[in-house]
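Q: Right, I'll just put the structure down here and ask away after.
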Amino acid sequence: MKAIHVATCVIAMAATLSLSAHTTAESNMVVRASLYGALTFYPDNIEDGLVLPPGVEEPNTWHGFLGGNAGGWTLAEKKAAFDWFLTTLGTNDCMSLDEVQRGEIGMAIDICDEFNHTNSVPSIKALALNPRGVYRDSAIEFVIKFSPVDDSMTEFAESIITNSTGYSFGERGEASDKYAWKLFVFDATNAVQREARAAGVRMFYRNRFSESSETPMVDELFVKYIEGYVASSNRLVHATNSFSYPICARKFGDYFASVTNQLLSSGQPLPWITVGTSGD
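Pasting the structure below:
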């Protein structure tokens, strides 16, 4: 189990009702105790064959993470408290928290990932969109991993990719590469899914000159799904434009230099192709 991080889940009515016997402060204390326990459980370099003392359970299950029925709480109540805690992360000023509390937020995201806790996607999505959120790169990765390819997911990715003032290069790159890869491997089996994938590709194409889209993964996405792109002037312009961004030139310069040389040495005319309905 990897080093863990904190996230946010939407709670159903039943979960809300199960919290009624406990105060908000009590719920927060129970959740933070579990997160802190998971955060400090693993040594930096854990060895295979970990032997635990009697009564100590590894936090790689809901029971191990939350402690089961104990302290006047049932396991179901603790899970509901965890889900409630996650819902607060989209509006909290997480940057004002101390280092341990921020670490607990990182841990929660990893817990949700480890347990395939897909019900938490809306809450973690809110964290990813929170201007005062932390571990937003992990939150972005989680949301893309566990969300379907659809218009909502494309809008989510675009809102981050194009927001150079609200997100760091790393966060924008996370949204770009992870969603481009998701589209790249997405096996669309019907017309609705194929159109959703095509809409995602078009989103990347209209933002192809943004810093976070000047990456090998985006180039490979275009090559796979845009007919004629592999030997086009469009691709040459995209490749050469990547050098206008210092970070892209440093990280991806070799890749795009190879693409540029390949196109220029082909000995064939490079046509300009029209993508979608934009005329470019």
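So the sequence shown is numbered by this note's numbering: it starts at 2 and just counts up by one. For every residue, glycine included, the Cβ atom is placed at its ideal position computed from N, Cα and C.
In the DSSP assignment, find the unbroken alpha helix (DSSP H) run with M30 in it and report its ends.
A: Reading the sequence shown from its first residue, position 29 is the one you call residue 30. Counting along the chain, the alpha helix (DSSP H) containing M30 begins and ends at 25-42.
Q: Report the residue from P60, F147, F170, S153 whose alpha carbon sits nearest the alpha carbon of H118.
A: Here residue 118 is taken as the residue at index 117 of the sequence shown, counted from 1. Of the listed residues, the one whose Cα sits closest to H118 is F147.
Q: What does the Cβ neighbour count give for K225, buried or exposed, with the cut at 16 atoms within 10 Å?
A: Along the sequence shown, read from residue 1 onward, the residue named residue 225 stands at position 224. Its Cβ having fewer than 16 others within 10 Å, K225 is exposed.
Q: If you count every other CB in all the chains shown that lies within 10 Å of the CB of S259, and 16 or more means buried, which is it?
A: On the sequence shown, residue 259 is found 258 positions in, with the first residue counted as 1. S259 is exposed by the Cβ-count criterion.
Q: To which residues does DSSP link W74 through a beta bridge?
A: As a first step, residue 74 must be located in the sequence shown, where it is residue number 73. According to DSSP, W74 shares a beta bridge with A71.
Q: Alpha carbon to alpha carbon, how far is A15 from S121?
A: By 1-based counting over the sequence shown, the position of residue 15 is 14. By 1-based counting over the sequence shown, the position of residue 121 is 120. Since pLDDT at A15 reaches only 35, below the 50 mark, its modelled position is unreliable, and no value is offered.
Q: Report the three-state DSSP secondary structure of A13 (helix, strand or coil).
A: Within the sequence shown, numbered from 1, the residue matching residue 13 stands at position 12. Residue placement at A13 is poorly supported in this model, since its pLDDT is 32, which falls under 50; the coordinates still yield a value, given next. The answer is coil: DSSP assigns A13 none of H, G, I, E or B.
Q: Look at the alpha carbon of E175 and the alpha carbon of P272, and state the distance between them as a whole number of angstroms.
A: Stepping through the sequence shown from its first residue, residue 175 is reached at position 174. Stepping through the sequence shown from its first residue, residue 272 is reached at position 271. Whole-angstrom Cα-Cα distance: 32 Å.
Q: How long is the line joining the alpha carbons of F185 and M154, rounded to whole angstroms?
A: By one-based count along the sequence shown, residue 185 stands at place 184. By one-based count along the sequence shown, residue 154 stands at place 153. Roughly 14 Å between the two C-alpha positions.
Q: Taking the Cβ atom as the reference point for each residue, do A71 and V31 lie within a distance shorter than 7 Å?
A: The residue given as residue 71 occupies position 70 in the sequence shown. The residue given as residue 31 occupies position 30 in the sequence shown. The answer is no: Cβ separation not under 7 Å.
Q: Work out the CA separation of V231 and I274 for me, nearest whole Å.
A: Position 273 of the sequence shown, counted from the start, is the residue given in the question as residue 274. Position 230 of the sequence shown, counted from the start, is the residue given in the question as residue 231. If I take the Cα positions, the gap works out to 11 Å.
Q: Of the choices D94, K80, Y180, whose alpha-carbon is the least far from that of D151?
A: Mapped onto the sequence shown, residue 151 falls at position 150. Comparing Cα-Cα distances from D151 to each of D94, K80, Y180, the minimum goes to Y180.
Q: Go ahead and label D99 buried or exposed: buried means 16 or more other beta carbons lie within 10 angstroms of its beta carbon, across all protein chains shown.
A: Residue mapping note: residue 99 aligns to position 98 of the sequence shown, counting from 1. Exposed: under 16 other Cβ atoms inside 10 Å.
Q: Helix or strand or just coil, what does DSSP make of R198?
A: Within the sequence shown, the letter at position 197 stands for residue 198. Residue state, collapsed to three classes: helix.
Q: Taking 7 Å as the threshold (C-beta atoms), are L87 and S124 in contact?
A: What you label residue 124 is simply residue 123 of the sequence shown in a count that begins at 1. What you label residue 87 is simply residue 86 of the sequence shown in a count that begins at 1. Against a cut-off of 7 Å, the Cβ pair of L87 and S124 comes out as a contact.
Q: Checking 7 Å against the spacing of the C-beta atoms, do F223 and S214 come in under that value?
A: For this step, residue 223 is matched to residue 222 along the sequence shown. For this step, residue 214 is matched to residue 213 along the sequence shown. Cβ atoms of F223 and S214: not closer than 7 Å.
Q: Which stretch, first to last residue, makes up the alpha helix (DSSP H) that contains F223?
A: Start at 1 with the first residue of the sequence shown, and residue 223 comes out as number 222. That run of the alpha helix (DSSP H) goes 217-226.
Q: Can you list, in chain order, the stretches of the alpha helix (DSSP H) that have 4 or more residues and sit fully within the stretch 130-164?
A: DSSP runs (the alpha helix (DSSP H)) wholly in the stretch 130-164: 137-147, 152-162.
Q: Consult DSSP for F185 and reduce its assignment to one of helix, strand or coil.
A: Your numbering for residue 185 matches position 184 in the sequence shown. Helix, per DSSP.
Q: Quick one: is M218 buried, meaning 16 or more other Cβ sit within 10 Å of its Cβ, or exposed?
A: For the purposes of this step, residue 218 is taken as residue 217 along the sequence shown, with counting starting at 1. Label assigned to M218: buried.
Q: Taking the continuous alpha helix (DSSP H) assigned at D255, which residues delimit it?
A: By one-based count along the sequence shown, residue 255 stands at place 254. Per DSSP, D255 belongs to the alpha helix (DSSP H) from 247-265.
Q: Closest by CA to L237, which one among Y256, L264, G254, D255?
A: If you number the sequence shown from 1, residue 237 lands on position 236. Nearest C-alpha to L237: L264.
Q: Around the C-beta of T24, are 16 or more other C-beta atoms found within 10 angstroms, so that it is buried, or is it exposed?
A: Looking up residue 24 in the sequence shown gives position 23. Label assigned to T24: exposed.
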